[in-house]
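These notes concern the structure reproduced below.
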Amino acid sequence: DVKVTQSSRYLVKRTGEKVFLECVQDMDHENMFWYRQDPGLGLRLIYFSYDVKMKEKGDIPEGYSVSREKKERFSLILESASTNQTSMYLCASSLSDTFFYGYTFGSGTRLTVV
Amino acid sequence: SQQGEEDPQALSIQEGENATMNCSYKTSINNLQWYRQNSGRGLVHLILIRSNEREKHSGRLRVTLDTSKKSSSLLITASRAADTASYFCAIKAAGNKLTFGGGTRVLVKP
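For the record, the sequence lines run as chains G and B.
Residues 1 to 114 (the numbering used here) make up the first sequence, in order.
Residues 1001 to 1110 (the numbering used here) make up the second sequence, in order.
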């Protein structure tokens, strides 16, 4: 069964910490995405990547960075965690031709910054 | 904004009834997709309808798309308690990004 795996379901971090959220997909997908989901705001795109070592800013990239050193892995980095980054983080991947195919999502990481 | 907007925000029905939710958007699209999210979990892709299609079916799901009205609807027939979830429409315009709406919360009562 193909899937997207996020390394942690729940994380609690302190303000100012550097936080790494890991996402791995086993489908050989070219595209990978990081979203955050907050009540009343829906899903908002943070960063995405079309290929290894490539990254593009989404709608809300401030306070985040990403790394894609290998095709299957896309990491989201919170450089200095703040309480307003408490959220559900969702990773997704897709084939390059998104006209015909949807996204496959991971189960999410619920991050709490205290 | 390209974001899809779902209506209603919440829906409560009895098991066996049909559930209908709508999605409106503001720009030209390549395709429109519907996803389901069970509480606290990731999203699951349900169905994709391309801009040149008007209707698609998948099991108990029926999706329509009216590009002239910039709207889509998702119908779940003969609902079950397991259909309780949030449902999101997602817009694919140019490029490979999807833009999601705020979702419709569906509660199916046994």
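Each residue gets a CB set at the ideal place from its N, CA and C atoms; glycine is no exception.
Within 10 angstroms of the Cβ of residue i, are there 16 or more other Cβ atoms? Answer buried if so, exposed if not.
i, result
"R9 of chain G", "exposed"
"K1097 of chain B", "buried"
"V114 of chain G", "exposed"
"G1040 of chain B", "exposed"
"N1038 of chain B", "exposed"
"F48 of chain G", "buried"
"Q37 of chain G", "buried"
"A1090 of chain B", "buried"
"A1010 of chain B", "exposed"
"R1036 of chain B", "buried"
"S1058 of chain B", "exposed"
"S118 of chain G", "In the structure as shown, chain G begins at 1 and stops at 114. Residue 118 of chain G is therefore absent and cannot be evaluated."
"F1100 of chain B", "buried"
"F115 of chain G", "Limits of chain G in this structure are 1 at one end and 114 at the other, which puts residue 115 of chain G out of reach."
Give the straight-line distance between the Cα atoms of residue i and residue j, rounded to the nearest whole angstrom.
i, j, result
"K1026 of chain B", "E1006 of chain B", "13 angstroms"
"Q1002 of chain B", "S1024 of chain B", "Since pLDDT at Q1002 of chain B reaches only 49, below the 50 mark, its modelled position is unreliable, and the value read off the structure follows with that caveat. Rounded to whole angstroms, Q1002 of chain B to S1024 of chain B spans 10 angstroms at the Cα level."
"K1092 of chain B", "Y101 of chain G", "11 angstroms"
"V1108 of chain B", "E1053 of chain B", "29 angstroms"
"G16 of chain G", "I77 of chain G", "12 angstroms"
"Q1014 of chain B", "S1079 of chain B", "8 angstroms"
"K53 of chain G", "P39 of chain G", "32 angstroms"
"A1019 of chain B", "K18 of chain G", "44 angstroms"
"R73 of chain G", "C91 of chain G", "10 angstroms"
"E1055 of chain B", "M27 of chain G", "29 angstroms"
"K3 of chain G", "S1028 of chain B", "31 angstroms"
"G1102 of chain B", "L43 of chain G", "7 angstroms"
"Q25 of chain G", "T5 of chain G", "6 angstroms"
"C23 of chain G", "V1106 of chain B", "29 angstroms"
"A980 of chain B", "Y1087 of chain B", "This structure leaves residue 980 of chain B out entirely; chain B is present only between 1001 and 1110."
"G1016 of chain B", "L1065 of chain B", "25 angstroms"
Compare the Cα-Cα distances from residue i to each of the options and report the closest residue.
i, options, result
"L21 of chain G", "G:Y35, G:K57, G:N84, G:S96", "G:Y35"
"L1074 of chain B", "B:C1089, B:T1067, B:V1063, B:N1031", "B:V1063"
"T83 of chain G", "G:S93, G:F99, G:G63, G:K55", "G:G63"
"L41 of chain G", "B:G1004, B:A1094, B:P1110, B:A1085", "B:G1004"
"P1110 of chain B", "B:G1101, B:A1081, B:T1104", "B:A1081"
"M88 of chain G", "G:G58, G:I60, G:I46, G:L111", "G:L111"
"A81 of chain G", "G:S65, G:E30, G:E56", "G:S65"
"A1085 of chain B", "B:T1077, B:K1069, B:V1044", "B:V1044"
"S107 of chain G", "B:T1099, B:G1042, B:D1066, B:K1069", "B:G1042"
"R14 of chain G", "G:E79, G:Y103, G:T104", "G:E79"
"T125 of chain G", "B:W1034, B:E1017, B:P1008", "A query on residue 125 of chain G cannot be resolved here, the shown segment of chain G reaching from 1 to 114 and no further."
Skipping 5 residues on each side, what residues in its chain have a beta carbon closer than 6 angstroms to that of residue i?
i, result
"S67 of chain G", "S75"
"K71 of chain G", "V52"
"F33 of chain G", "F48, A92"
"S96 of chain G", "E30"
Going along the chain, which residues of its own chain have a beta-carbon closer than 7 angstroms to the beta-carbon of residue i, five neighbours each way excluded?
i, result
"S1071 of chain B", "N1022, C1023, S1024"
"G58 of chain G", "L45, I46, Y47, F48"
"R1060 of chain B", "I1076, T1077, A1078"
"T86 of chain G", "L111, T112, V113"
Excluding the 5 residues preceding and the 5 following residue i in the sequence, name in chain order all residues of the same chain whose CB lies nearer than 8 angstroms to its CB.
i, result
"N1031 of chain B", "L1048, I1049, R1050, S1051, K1092"
"L11 of chain G", "V19, L21, T109, R110, L111, T112"
"E69 of chain G", "V52, K53"
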